[in-house]
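Written below as C-alpha coordinates is the structure these notes are about.
Residue numbers (UniProt numbering): 1 to 204.
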(Lines of atoms letter the chains of each structure in order from A and count residues from 1; the text may use other names and numbers.)
(Lines give C-alpha, C1' and ligand atoms only; values in the text may rest on other atoms or scores of the structure.)
Protein backbone atom coordinates (compact mmCIF):
# COMPACT_ATOMS: atom_id res chain seq x y z
CA UNK A 1 0.00 0.00 0.00
CA UNK A 2 1.27 3.47 -0.83
CA UNK A 3 0.34 6.96 0.36
CA UNK A 4 1.18 10.28 -1.28
CA UNK A 5 1.60 12.17 2.00
CA UNK A 6 1.97 11.75 5.74
CA UNK A 7 -1.51 13.12 6.45
CA UNK A 8 -3.13 10.36 4.41
CA UNK A 9 -0.97 7.74 6.13
CA UNK A 10 -1.88 9.06 9.58
CA UNK A 11 -5.60 9.07 8.79
CA UNK A 12 -5.35 5.47 7.59
CA UNK A 13 -3.64 4.35 10.81
CA UNK A 14 -6.22 6.08 13.01
CA UNK A 15 -9.05 4.49 11.02
CA UNK A 16 -7.55 1.01 11.31
CA UNK A 17 -7.03 1.42 15.05
CA UNK A 18 -10.61 2.55 15.63
CA UNK A 19 -12.14 -0.25 13.56
CA UNK A 20 -9.90 -2.95 14.97
CA UNK A 21 -10.10 -2.03 18.66
CA UNK A 22 -13.37 -3.87 19.54
CA UNK A 23 -12.32 -6.99 17.65
CA UNK A 24 -8.84 -7.11 19.14
CA UNK A 25 -10.13 -6.52 22.68
CA UNK A 26 -12.47 -9.53 22.42
CA UNK A 27 -9.63 -11.89 21.53
CA UNK A 28 -7.58 -13.96 23.97
CA UNK A 29 -4.86 -11.89 25.65
CA UNK A 30 -1.92 -13.48 23.83
CA UNK A 31 -3.52 -13.12 20.40
CA UNK A 32 -4.63 -9.58 21.22
CA UNK A 33 -1.08 -8.55 22.13
CA UNK A 34 0.26 -10.05 18.91
CA UNK A 35 -2.23 -8.19 16.70
CA UNK A 36 -1.67 -4.92 18.56
CA UNK A 37 2.06 -5.26 17.91
CA UNK A 38 1.43 -5.85 14.22
CA UNK A 39 -0.82 -2.80 13.99
CA UNK A 40 1.82 -0.66 15.63
CA UNK A 41 4.54 -1.85 13.28
CA UNK A 42 2.27 -1.20 10.22
CA UNK A 43 4.09 -3.82 8.18
CA UNK A 44 3.83 -3.36 4.42
CA UNK A 45 2.76 0.29 4.53
CA UNK A 46 5.06 2.68 2.74
CA UNK A 47 4.89 6.45 2.96
CA UNK A 48 5.92 8.34 -0.15
CA UNK A 49 6.34 12.09 0.26
CA UNK A 50 5.86 13.89 -3.02
CA UNK A 51 6.32 17.61 -3.04
CA UNK A 52 5.93 19.93 -5.98
CA UNK A 53 8.86 22.27 -6.62
CA UNK A 54 9.68 25.03 -9.08
CA UNK A 55 12.88 25.93 -10.92
CA UNK A 56 13.50 28.99 -13.05
CA UNK A 57 16.27 29.84 -15.49
CA UNK A 58 17.01 32.53 -18.05
CA UNK A 59 18.88 33.04 -21.29
CA UNK A 60 21.24 33.80 -22.85
CA UNK A 61 23.44 33.37 -19.77
CA UNK A 62 21.22 31.93 -17.07
CA UNK A 63 21.00 28.23 -17.86
CA UNK A 64 17.64 28.18 -19.67
CA UNK A 65 18.64 25.59 -22.24
CA UNK A 66 20.32 23.42 -19.61
CA UNK A 67 17.12 23.32 -17.56
CA UNK A 68 15.02 22.36 -20.60
CA UNK A 69 17.49 19.60 -21.51
CA UNK A 70 17.54 18.30 -17.94
CA UNK A 71 13.76 18.06 -17.98
CA UNK A 72 13.79 16.12 -21.25
CA UNK A 73 16.55 13.90 -19.89
CA UNK A 74 14.45 13.06 -16.84
CA UNK A 75 11.61 11.58 -18.91
CA UNK A 76 10.71 7.96 -18.21
CA UNK A 77 7.41 7.47 -20.04
CA UNK A 78 6.15 10.43 -22.09
CA UNK A 79 7.16 13.80 -23.53
CA UNK A 80 4.60 16.17 -25.03
CA UNK A 81 6.02 19.34 -26.57
CA UNK A 82 4.17 22.33 -28.01
CA UNK A 83 6.15 25.08 -29.68
CA UNK A 84 6.19 27.99 -32.05
CA UNK A 85 9.61 27.97 -33.72
CA UNK A 86 11.73 24.82 -33.51
CA UNK A 87 15.36 24.67 -34.62
CA UNK A 88 17.46 23.67 -31.59
CA UNK A 89 19.97 20.88 -32.38
CA UNK A 90 20.41 20.18 -28.65
CA UNK A 91 16.70 19.70 -28.06
CA UNK A 92 16.39 17.58 -31.20
CA UNK A 93 19.22 15.37 -29.96
CA UNK A 94 17.74 14.98 -26.47
CA UNK A 95 14.26 14.18 -27.82
CA UNK A 96 15.71 11.51 -30.10
CA UNK A 97 17.73 10.06 -27.21
CA UNK A 98 14.53 9.91 -25.14
CA UNK A 99 12.73 8.13 -27.97
CA UNK A 100 15.54 5.57 -28.23
CA UNK A 101 15.33 4.75 -24.53
CA UNK A 102 11.62 3.97 -24.89
CA UNK A 103 9.95 7.28 -24.06
CA UNK A 104 6.78 8.10 -26.03
CA UNK A 105 7.60 11.48 -27.64
CA UNK A 106 5.23 13.68 -29.66
CA UNK A 107 5.33 17.35 -30.65
CA UNK A 108 3.13 19.96 -32.28
CA UNK A 109 4.54 23.24 -33.61
CA UNK A 110 3.37 26.21 -35.64
CA UNK A 111 3.28 25.61 -39.38
CA UNK A 112 4.28 29.09 -40.56
CA UNK A 113 6.94 29.46 -37.88
CA UNK A 114 8.76 26.36 -39.10
CA UNK A 115 8.99 26.85 -42.85
CA UNK A 116 12.67 27.82 -42.80
CA UNK A 117 15.52 25.47 -43.65
CA UNK A 118 16.76 24.99 -40.05
CA UNK A 119 13.26 24.16 -38.82
CA UNK A 120 12.62 21.73 -41.65
CA UNK A 121 15.95 20.01 -40.97
CA UNK A 122 15.11 19.69 -37.26
CA UNK A 123 11.63 18.31 -37.93
CA UNK A 124 13.00 15.85 -40.50
CA UNK A 125 15.36 14.45 -37.88
CA UNK A 126 12.52 13.99 -35.38
CA UNK A 127 10.20 12.37 -37.90
CA UNK A 128 12.88 9.98 -39.15
CA UNK A 129 13.51 8.97 -35.52
CA UNK A 130 9.88 7.87 -35.24
CA UNK A 131 8.70 10.89 -33.24
CA UNK A 132 5.16 11.95 -34.09
CA UNK A 133 5.56 15.53 -35.34
CA UNK A 134 2.63 17.72 -36.34
CA UNK A 135 2.24 21.20 -37.81
CA UNK A 136 -0.62 23.50 -36.83
CA UNK A 137 -1.93 26.37 -38.96
CA UNK A 138 -5.46 26.86 -37.58
CA UNK A 139 -4.55 30.00 -35.61
CA UNK A 140 -2.88 33.27 -36.51
CA UNK A 141 0.14 31.68 -34.86
CA UNK A 142 0.51 28.70 -32.56
CA UNK A 143 2.53 30.56 -29.94
CA UNK A 144 2.42 27.95 -27.16
CA UNK A 145 5.81 27.00 -25.75
CA UNK A 146 5.77 24.22 -23.17
CA UNK A 147 6.75 20.63 -22.46
CA UNK A 148 4.94 18.08 -20.28
CA UNK A 149 7.02 15.13 -19.08
CA UNK A 150 5.66 11.92 -17.55
CA UNK A 151 2.26 13.61 -17.05
CA UNK A 152 3.59 15.38 -13.95
CA UNK A 153 6.38 17.84 -14.84
CA UNK A 154 5.68 21.04 -16.82
CA UNK A 155 8.08 23.45 -18.53
CA UNK A 156 6.74 26.78 -19.76
CA UNK A 157 7.81 30.37 -20.33
CA UNK A 158 8.89 32.59 -23.20
CA UNK A 159 11.59 30.20 -24.40
CA UNK A 160 11.31 29.10 -28.03
CA UNK A 161 13.01 25.82 -28.81
CA UNK A 162 15.64 27.50 -30.98
CA UNK A 163 19.34 28.25 -31.00
CA UNK A 164 18.57 31.98 -30.82
CA UNK A 165 16.53 31.51 -27.65
CA UNK A 166 19.46 29.75 -26.02
CA UNK A 167 22.30 32.02 -27.14
CA UNK A 168 21.00 35.44 -28.22
CA UNK A 169 17.55 36.24 -26.83
CA UNK A 170 16.48 37.31 -23.37
CA UNK A 171 14.14 34.47 -22.36
CA UNK A 172 12.77 32.72 -19.30
CA UNK A 173 12.05 29.08 -18.49
CA UNK A 174 9.94 27.80 -15.61
CA UNK A 175 9.78 24.12 -14.66
CA UNK A 176 7.16 22.89 -12.20
CA UNK A 177 8.16 19.46 -10.96
CA UNK A 178 5.70 16.86 -9.60
CA UNK A 179 2.41 18.65 -10.21
CA UNK A 180 0.14 16.19 -11.98
CA UNK A 181 -2.91 18.46 -11.62
CA UNK A 182 -1.21 21.26 -13.54
CA UNK A 183 0.23 18.78 -16.03
CA UNK A 184 -3.23 17.39 -16.73
CA UNK A 185 -4.49 20.83 -17.75
CA UNK A 186 -1.55 21.35 -20.07
CA UNK A 187 -2.03 17.88 -21.54
CA UNK A 188 -5.67 18.58 -22.37
CA UNK A 189 -4.63 21.75 -24.18
CA UNK A 190 -1.76 19.94 -25.91
CA UNK A 191 -4.02 17.12 -27.09
CA UNK A 192 -6.53 19.56 -28.58
CA UNK A 193 -3.78 21.27 -30.59
CA UNK A 194 -2.16 18.00 -31.60
CA UNK A 195 -5.51 16.71 -32.85
CA UNK A 196 -5.90 19.85 -34.97
CA UNK A 197 -2.45 19.49 -36.51
CA UNK A 198 -1.32 17.61 -39.58
CA UNK A 199 1.57 15.17 -39.66
CA UNK A 200 4.84 16.65 -40.85
CA UNK A 201 5.87 15.18 -44.19
CA UNK A 202 9.58 14.55 -44.45
CA UNK A 203 11.42 16.23 -47.30
CA UNK A 204 14.09 13.55 -47.74
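We treat Cβ as the ideally placed atom computed from N, Cα and C, and that holds for glycine.
Computed from a prediction, not measured in an experiment: that's the story for all the values here.
Rounded to whole angstroms, the gap between the alpha carbons of residue 55 and residue 65 is 13 Å. Cβ atoms of residue 163 and residue 85 stay farther apart than 8 Å, at about 10 Å. Taking a 10 Å sphere around the C-beta of residue 53, we find fewer than 16 other C-beta atoms and assign the residue as exposed.
With fewer than 16 neighbouring CB atoms inside 10 Å of its own CB, residue 204 falls in the exposed class. A residue is called buried when at least 16 other Cβ atoms come within 10 angstroms of its Cβ; residue 141 does not meet this threshold and is exposed. For residue 131, the three-state secondary structure derived from DSSP is coil. The beta carbons of residue 158 and residue 145 sit about 7 Å from each other, so the pair counts as a contact at 8 Å. The bridge partners DSSP lists for residue 78 are 104.
Within its own chain, the residues whose Cβ lies closer than 6 Å to the Cβ of residue 91, once the five positions on either side in sequence are excluded, are 161, listed in chain order. Buried is the label assigned to residue 87, since at least 16 other Cβ atoms lie within 10 Å of its Cβ. In terms of Cβ geometry, residue 77 and residue 150 form a close pair [threshold 7 Å].
For the pair residue 108 and residue 126, the CB atoms are not nearer than the 7 Å cut-off.
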